[in-house]
DNA sequence: TCCTAAATAAGAATAATTATTATTTAAAAT
DNA sequence: ATTTTAAATAATAATTATTCTTATTTAGGA
Ligand SMILES: [Mn+2]
Ligand SMILES: [Mn+2]
Ligand SMILES: [Zn+2]
Ligand SMILES: [Zn+2]
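Chains as they are written, first to last, in my numbering: chain A, 675 to 819; chain B, 675 to 819.
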């Protein structure tokens, strides 16, 4: 189920985006992360195999991916943006201790909110996105005796 | 219904925080804003009457207020933190055009979410806060003919 | 294979925030 | 009221994340 280099090439070309090695590699790495990496983290993770790719290119490419709905930004209380290869609206769990961001799968809750808002409507506001972050601490998972 | 200088002095002392002019002034100004200002904006708004207060002190004081639950941080896609004198959980409307953040009063929706999560529970996660941001565009309010 | 517009690398610049330190001040103790 | 002192502040340097600039490289069409 690996997304190959040429899979990504096609995807980019489909969207009318020039396919370059840095772009494919950055997107490929973002897809492999399931932990919402920062630009810096992606840059580091690419170093070994592609030491030439500059951090500025990572930033610009991530921006490009966001613009083209192949990625999304995730903000937290920390002073750095993190990125997500998932672009459909979904709920995030943010651990304030470990700074880990996890996807929280609950379509029912999402629909609940969406329906409520749709039914009620927000005066003088065109809603384009719902962002729900659940903050807390992930419990140290001790094996229970 | 103005919150006076000495009201704030008392509040700070209650919490065991030394009451200083910069602190009182900063908190007083944050309370007057209802639009989620950045540190910079608060600093500017204070200049006229208190030109001596430094930006670093504004940052440190806002942090102190957050630590003591007199204020909260609000993050958006922009690269700056904004502050809120409201500390109880509440919903935000974020206008992507004007960058305005508005409070969206809807206790029913909040309870809906809170109940759902409470009932269901999140495995291996101690929930401490719920953050719901509604993104979109505030409609240009034209008087309808 | 050649051409050219677009992308990149490298590094400088900027913006937000934090750290450092000499000076000032609130408030506790005299 | 004065003195004392730990804590807070102003000023400014430093840091971090991100964006900008520009000379060079490259993807992909001719
Ligand atoms: Mn920053
Ligand atoms: Mn920044
Ligand atoms: Zn996610
Ligand atoms: Zn608010």
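Beta carbons: idealized from backbone N, C-alpha and C, even for Gly.
For residue 707 of chain A, there is no enclosing alpha helix (DSSP H), as DSSP marks it with neither H nor E. Taking 4 residues as the minimum length, the alpha helix (DSSP H) runs contained wholly in the region 676 to 747 of chain B are 679 to 688, 695 to 706, 713 to 721 and 729 to 741, in order along the chain. At a C-beta separation below 8 Å, residue 726 of chain A has no neighbours in chain B, since its nearest C-beta there lies roughly 27 Å away.
Sorted by chain position, residues whose beta-carbon lies closer than 6 Å to a non-hydrogen atom of ligand 3 are A:710, A:758, A:760, A:764, A:766 and A:777.
The beta carbon of residue 773 of chain A sits closer than 8 Å to the beta carbons of 750 and 752 from its chain, once the five residues preceding and following it are set aside; these are given in chain order.
If you look at residue 791 of chain A, you'll find it in the alpha helix (DSSP H) that goes 781 to 794. The three-state secondary structure of residue 802 of chain B, taken from DSSP, is strand. When only Cα atoms are considered, residue 682 of chain B and residue 701 of chain B end up about 8 Å apart. In the same chain as residue 743 of chain A, and ignoring 5 residues on each side of it, the C-beta atoms closer than 6 Å to its own belong to 761, in chain order. Assigned with DSSP and collapsed to three states, residue 751 of chain B falls in coil, not helix or strand.
Annotation: residue 760 of chain B is outside any beta strand (DSSP E) and is labelled neither H nor E by DSSP. Contact between the region 692 to 707 of chain A and the region 719 to 727 of chain A is present, with at least three C-beta pairs closer than 8 Å.
Checking the DSSP bridge columns, you'll see residue 809 of chain A partnered with A:768 and B:803. By the neighbour-count criterion, in which 16 or more other beta carbons inside 10 Å mark a residue as buried, residue 802 of chain A falls on the exposed side.
Contact between residue 768 of chain B and residue 809 of chain B holds: CB atoms are separated by about 5 Å, below the 8 Å threshold. When 8 Å is used as the limit between beta carbons, residue 802 of chain A is near these residues of chain B: 770, 809, 810 and 811, in chain order.
Below 8 Å, enough C-beta pairs join the region 786 to 795 of chain A and the region 781 to 799 of chain B to call them touching: three or more. Using a Cβ-Cβ cut-off of 7 Å, residue 747 of chain B is close to 751 of chain A, given in chain order. Contacts between residue 787 of chain B and chain A, judged by CB atoms closer than 8 Å, involve 783, 786, 787 and 806 in chain order. Residue 800 of chain B and residue 804 of chain A have their C-alpha atoms some 23 Å from each other.
Remark: C-beta atoms of residue 729 of chain A and residue 745 of chain A do not approach each other more closely than 9 Å. Taking the Cα positions, residue 715 of chain A is about 14 Å away from residue 759 of chain A.
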